[in-house]
Amino acid sequence: MEEVDQIILHSFLNIGCEFAEGLKSLKQLTTEDVIEASVKCIRTINPDFKMSHIMPPGMSARFRVGSAIAQACQNVGYRDSIGYETFLYSSESDIRKIFMFLVEKLPRKEGVKEDEVEATSVLKRRIGQVLREQCGTLWMPAYCKEDQKSVQFITENVHVPAFSKKNKIDADKTLFIYEQISHHDRLVPSILELNANGLAQSSAVLIQKEVSGKKVLKESFQWKQRCLVPDDLSLSSSFDEVIQVVSGQSKQSKQSRFAHAKKLQFTSTEPTFQNVSAVRPSVPKKPKHLSRERTNDNATKLESSTLLPEEMATTREIVEEQVEDGKEITVETEEERFEREENELKEVISQADQQQESNRDEIRNVEAKIKQMKLEIGELDSTIDEEKQQINLKEKTVHLLPNAEENIEKLKALVEKNSQRLIGLGKLWEERRVPLIEEIRELKQRGSASQVDTESKLEEIKTLRKRMKEASEETKKKEQLMKQLTTELESMKRDVSRQSYTKRILEIVSSIHKQQLQIQRVIADTRAVQKQINQMRGRIDRTFTAADEIIFKDAKKDVNVKQAYKYLVSLHDNCNALIQTVEATGAIMREIRDLEDQINAETKKNAEENLAKIMKDFKEMKKENAILMKQLKER
Amino acid sequence: MDFLSQQSLSGLRLCGDSSVIPDKLFDRYVEHICKVITDPEKAGQVPDNFTSLSSSALKQSHAALSALVVESAKHDVDDDQLGMILDECNFSTTKRESFIATFNHFKQDLRNHLFNIGVQPPHIVDIGWRLDYNVKTNHTHKVNELRYTVSLKQNNGEMTDFTCTREELQDLVGKLKEAAKAVERASQV
Chain R
340 MEEVDQIILH
350 SFLNIGCEFA
360 EGLKSLKQLT
370 TEDVIEASVK
380 CIRTINPDFK
390 MSHIMPPGMS
400 ARFRVGSAIA
410 QACQNVGYRD
420 SIGYETFLYS
430 SESDIRKIFM
440 FLVEKLPRKE
450 GVKEDEVEAT
460 SVLKRRIGQV
470 LREQCGTLWM
480 PAYCKEDQKS
490 VQFITENVHV
500 PAFSKKNKID
510 ADKTLFIYEQ
520 ISHHDRLVPS
530 ILELNANGLA
540 QSSAVLIQKE
550 VSGKKVLKES
560 FQWKQRCLVP
570 DDLSLSSSFD
580 EVIQVVSGQS
590 KQSKQSRFAH
600 AKKLQFTSTE
610 PTFQNVSAVR
620 PSVPKKPKHL
630 SRERTNDNAT
640 KLESSTLLPE
650 EMATTREIVE
660 EQVEDGKEIT
670 VETEEERFER
680 EENELKEVIS
690 QADQQQESNR
700 DEIRNVEAKI
710 KQMKLEIGEL
720 DSTIDEEKQQ
730 INLKEKTVHL
740 LPNAEENIEK
750 LKALVEKNSQ
760 RLIGLGKLWE
770 ERRVPLIEEI
780 RELKQRGSAS
790 QVDTESKLEE
800 IKTLRKRMKE
810 ASEETKKKEQ
820 LMKQLTTELE
830 SMKRDVSRQS
840 YTKRILEIVS
850 SIHKQQLQIQ
860 RVIADTRAVQ
870 KQINQMRGRI
880 DRTFTAADEI
890 IFKDAKKDVN
900 VKQAYKYLVS
910 LHDNCNALIQ
920 TVEATGAIMR
930 EIRDLEDQIN
940 AETKKNAEEN
950 LAKIMKDFKE
960 MKKENAILMK
970 QLKER
Chain U
2 MDFLSQQSLS
12 GLRLCGDSSV
22 IPDKLFDRYV
32 EHICKVITDP
42 EKAGQVPDNF
52 TSLSSSALKQ
62 SHAALSALVV
72 ESAKHDVDDD
82 QLGMILDECN
92 FSTTKRESFI
102 ATFNHFKQDL
112 RNHLFNIGVQ
122 PPHIVDIGWR
132 LDYNVKTNHT
142 HKVNELRYTV
152 SLKQNNGEMT
162 DFTCTREELQ
172 DLVGKLKEAA
182 KAVERASQV
């Protein structure tokens with residue numbers, strides 16, 4: 340019970356009840372303390388409950404306060420029936436139950452905030468660690484310290500050859516990266532820049548695969564922007580703000596702006612691929628007659644159309660200079676001329692486009708016709724071949740006609756020979772064919788089976804690899820978590836009482852377990868005893884009836900036997916009476932025990948004290964009512 | 002993992018492949034790379050045994066290993082993370098352990114070298130002061146003012162001079178103390 344009280348008082352201290360500091364058990368709480376504690380608890384659970392925690396002096400007000408608190412407790416969810424009397428005239432066990440319930444209901448704010456604060460707190464802790472190390476070192480005057488020369492971040496273009504097993508010859512020409520640098524100080528910056536470029540390119544490729552150059556640029560700038568300190572940090576922002584912004588940066592990734600590129604902390608002397616396209620080479624201005632003569636590509640059309648306004652701009656400048664000399668008329672005519680020429684050129688261009696298209700169509704038609712003609716030629720060739728063959732046949736038959744009969748017999752013999760040869764060849768072919776076909780079938784089956792095997796094995800391998808990766812990722816995450824938690828644990832304060840609480844809880848659980856075993860043993864014992872009693876009872880009855888029968892038979896003849904019978908009956912009766920009294924005493928003992936328990940429970944409730952209090956308060960209420968009635972009557 | 006580009010990772014895989022770079026020569030290779038970065042005069046040329054291997058592979062793996070060394074020193078990765086990266090690139094255990102050992106040997110030098118890179122505003126290294134008492138000027142008859150003249154010497158040789166009254170000097174000292182306290186507070190998280 341002490342630990343429970345300690346927990347309750349500790350939580351009272353947390354919510355702000357100062358009276359609870361020196362106390363050790365709930366017995367020491369007065370009614371005012373009880374009311375203050377319960378009001379504060381309910382207020383923390385449910386902020387809408389507005390009541391002051393000081394007990395009012397008047398009795399009716401106190402009654403109202405008590406009933407309001409009881410109502411609020413029931414609203415929060417307390418199951419048992421409570422009323423104003425539990426708070427005003429409290430008994431220790433009742434208020435212990437109520438406070439245990441309320442303390443459990445108190446919201447636990449601690450766990451929620453931790454996740455959000457974790458990132459910033461980790462960063463702060465690391466910063467603190469580094470600062471502590473540096474503060475711990477002794478101060479040395481500048482001329483005693485080692486040469487700390489500062490090196491500027493200047494990079495140079497480095498080329499790394501790609502390894503391919505085919506071209507081994509060219510690679511000898513390229514040097515190692517440290518040999519490609521003119522000055523040693525630029526080696527590390529160049530390595531860092533190379534790596535960062537590679538990362539930016541790969542992130543740009545991953546994000547979007549559209550080929551429009553501008554979009555790729557934007558995404559790589561976004562990646563760079565993520566690594567930079569954002570704009571909204573003013574110079575006067577505090578240390579905490581800086582840390583919050585830096586660590587919370589992953590959530591707020593703004594749209595990249597080209598201006599951020601200028602804020603890059605690294606300056607590069609060589610133009611990287613981003614800068615190249617940003618700095619457009621200036622287009623030299625072509626004279627007009629060259630642009631007119633160009634063929635009809637779309638690009639030149641664009642160029643010429645963009646050139647013309649440029650040219651117009653330059654000519655306007657020249658024209659403006661001429662205006663100072665006072666030649667105003669030439670201004671207008673020149674402009675008109677330029678406009679006319681522009682329109683003419685545009686017409687020419689459009690006409691040329693149309694011609695080009697019509698030419699292309701003609702070419703296509705002609706090509707189609709050529710194909711058709713080729714097909715027809717092919718067909719004609721094949722018919723010619725057939726006709727030739729037929730002509731040859733007919734010529735030969737014409738030759739053979741003079742010796743018709745002989746030739747017919749020769750031809751028949753030839754035909755027979757050929758047919759016989761065919762039959763023989765057919766048989767040979769069959770002989771060879773059958774085993775080969777069977778071999779083919781076998782090999783196909785084996786191949787398909789092995790293919791199925793390989794497929795299943797590949798799938799197994801894939802699943803295994805996936806599982807391996809997942810497992811390794813999980814182990815990484817868990818190791819990180821473990822490191823974080825161990826560092827947190829080391830830096831957190833140690834609450835000794837918590838360990839002792841858990842120990843005690845475990846001890847209590849084990850003792851309860853033992854008690855239960857004992858209770859069961861006792862129950863088993865009582866059952867055994869009850870069984871024995873029943874057995875004995877049964878035996879008594881049986882022996883009595885048996886003895887009764889035997890003696891009764893003999894009793895009619897012999898007088899002594901009659902007396903013996905009478906003694907037997909009286910013995911039986913007396914024993915029965917004894918047994919009954921023993922049972923009655925046992926029952927009375929049990930009742931005594933129950934009554935004693937009831938007495939203890941009642942005395943705990945302090946019924947007498949509370950009754951006295953209630954009588955006093957009742958009298959006070961009567962007085963107050965009388966006063967109020969008087970006041971009403973006077974008015 | 003996150004801080005290495007694809008090019009470097011492929012170069013590292015090349016390096017981990019024992020057919021391209023054998024295990025025995027790997028030690029001296031890594032040492033040479035680290036020395037090249039920190040102390041070029043002592044590094045010398047690439048050890049001679051390597052010229053027999055395919056040179057484009059050698060150069061690519063050299064670049065990749067340098068990138069790994071520099072980035073690991075920059076991010077201050079511990080041995081486990083480094084081991085994980087090397088495992089992803091199929092390094093055998095001997096190569097891995099020898100790399101981690103050599104890296105830890107050179108790590109502090111690398112970090113010192115990286116620390117020197119960058120923009121560093123000039124530090125104050127020395128201070129000289131003089132207390133003047135103005136008696137009179139040609140505008141007023143009696144002045145009788147105390148004035149401090151402070152000259153701050155920076156580590157690049159330049160001097161910054163200013164004069165101020167006693168209150169302004171106290172102001173300055175107060176601000177410096179506040180700055181020192183802020184650093185202390187940050188260190189005591």
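Chains as they are written, first to last, in our numbering: chain R, 340 to 974; chain U, 2 to 190. Beta carbons: idealized from backbone N, C-alpha and C, even for Gly. Since the structure is predicted, the reported quantities are computational estimates derived from the model, not experimental observations.
query, result
"Show which residues of chain R have a CB atom less than 9 Å away from the CB atom of Leu5 (chain U).", "Asn534, Gly537 and Leu538"
"Let me know the secondary structure DSSP gives Phe440 (chain R) once reduced to three states.", "helix"
"Pull up the CB-CB distance for Val499 (chain R) and Gln8 (chain U), whole angstroms please, since I reckon it's below 8 Å.", "7 Å"
"Rounded to the nearest angstrom, how far is the Cβ of Cys380 (chain R) from that of Leu445 (chain R), given a contact under 8 Å?", "6 Å"
"In the segment 831-911 of chain R, which residue ranges form an unbroken beta strand (DSSP E) of at least 3 residues, counting only runs that do not cross its ends?", "none"
"According to DSSP, what are the bridge partners of His155 (chain U)?", "As written in the sequence, residue 155 (chain U) is Gln, which differs from the His given in the question. Answer is U:Ile125."
"Might you give, ordered along the chain, the residues of its own chain that have their beta carbon closer than 6 Å to the beta carbon of Cys165 (chain U), omitting 5 neighbours on each side?", "Tyr149"
"Please confirm whether any heavy atom of the ligand NAD lies closer than 7 Å to the CB of Gln583 (chain R).", "Because no ligand of any kind appears in the structure shown, any question about the ligand NAD cannot be addressed here."
"Tyr423 (chain R) and Phe438 (chain R): beta carbons closer than 8 Å?", "no"
"For the alpha helix (DSSP H) holding Asp77 (chain U), just list the boundary residues, first then last.", "Taken as a continuous stretch (DSSP letters only), Asp77 (chain U) belongs to no alpha helix (DSSP H), as it is neither H nor E."
"Rounded to the nearest angstrom, what separates Ser429 (chain R) and Met390 (chain R) at their Cα positions?", "20 Å"
"I need the DSSP call for Cys356 (chain R), collapsed to helix, strand or coil.", "coil"
"Mind listing which residues of the segment 468-483 of chain R have their C-beta closer than 7 Å to chain U's C-betas, in chain order?", "Leu470, Arg471, Cys474 and Ala481"
"Does the beta carbon of Val527 (chain R) come closer than 8 Å to any beta carbon on chain U?", "yes"
"Could you spell out where the alpha helix (DSSP H) holding Phe116 (chain U) opens and where it closes?", "Thr94 to Asn117"
"Return the CA-CA distance between Gly475 (chain R) and Phe116 (chain U), expressed in angstroms with no decimal places.", "19 Å"
"Closer than 8 Å, CB to CB, is Leu824 (chain R) near chain U or not?", "no"
"My assumption, with CB atoms under 8 Å, is that Ile779 (chain R) sits in contact with Ser67 (chain U). Please give the rounded CB distance.", "Rounded, the Cβ-Cβ distance is 58 Å, inconsistent with contact."
"At the level of alpha carbons, what is the spacing between Phe440 (chain R) and Arg929 (chain R)?", "35 Å"
"Assign Gly17 (chain U) to one of two classes, buried (16 or more other C-beta atoms within 10 Å of its C-beta) or exposed (fewer than that).", "buried"
"Can we say the segment 95-110 of chain U touches the segment 24-37 of chain U, given the rule of at least three CB pairs closer than 8 Å?", "yes"
"For a test of the three-state rule: what should DSSP assign to Ser644 (chain R), helix, strand or coil?", "Legend: pLDDT at Ser644 (chain R) = 44, less than 50; position of this residue unreliable, value from coordinates given subsequently. In the structure shown, Ser644 (chain R) sits in a helix (DSSP, three-state: H, G or I)."
"Can Ala481 (chain R) and Val126 (chain U) be called in contact, C-beta distance under 8 Å?", "yes"
"Are the beta-carbon atoms belonging to Ala985 (chain R) and Ile889 (chain R) less than 8 Å from one another?", "The structure shown does not extend to residue 985 (chain R), since chain R is modelled only from 340 through 974, so no value can be given for it."
"Around the Cβ of Gln61 (chain U), are there at least 16 other Cβ atoms within 10 angstroms (buried) or fewer (exposed)?", "buried"
"Which chain R residues are close to Met85 (chain U), counting only those with a beta carbon under 9 Å from its beta carbon?", "Ser811 and Lys815"
"With DSSP as the reference, identify every bridge partner of Asp162 (chain U), one or two as the case may be.", "U:Ser152"
"Who are Leu147 (chain U)'s beta bridge partners in DSSP?", "U:Tyr134"
"Determine, for His349 (chain R), whether the minimum Cβ-Cβ distance to residues of chain U falls below 8 Å.", "no"
"For Asn105 (chain U) and chain R, any beta-carbon pair shorter than 8 Å?", "no"
"Go ahead and pull the three-state DSSP assignment for Val527 (chain R).", "helix"
"Helix, strand or coil for Val499 (chain R)? Go by DSSP, reduced to three states.", "coil"
"Out of U:Asn113, U:Lys143 and U:Ile128, state which residue places its alpha-carbon closest to the alpha-carbon of Asn135 (chain U).", "U:Lys143"
"Does Val490 (chain R) come out as helix, strand or coil in the three-state DSSP assignment?", "strand"
"Kindly list, in the order they appear in chain U, the residues whose Cβ is closer than 7 Å to that of Val490 (chain R).", "Asn117 and Ile118"
"What do you reckon, are the CB atoms on Thr494 (chain R) and Glu518 (chain R) nearer than 8 Å?", "no"
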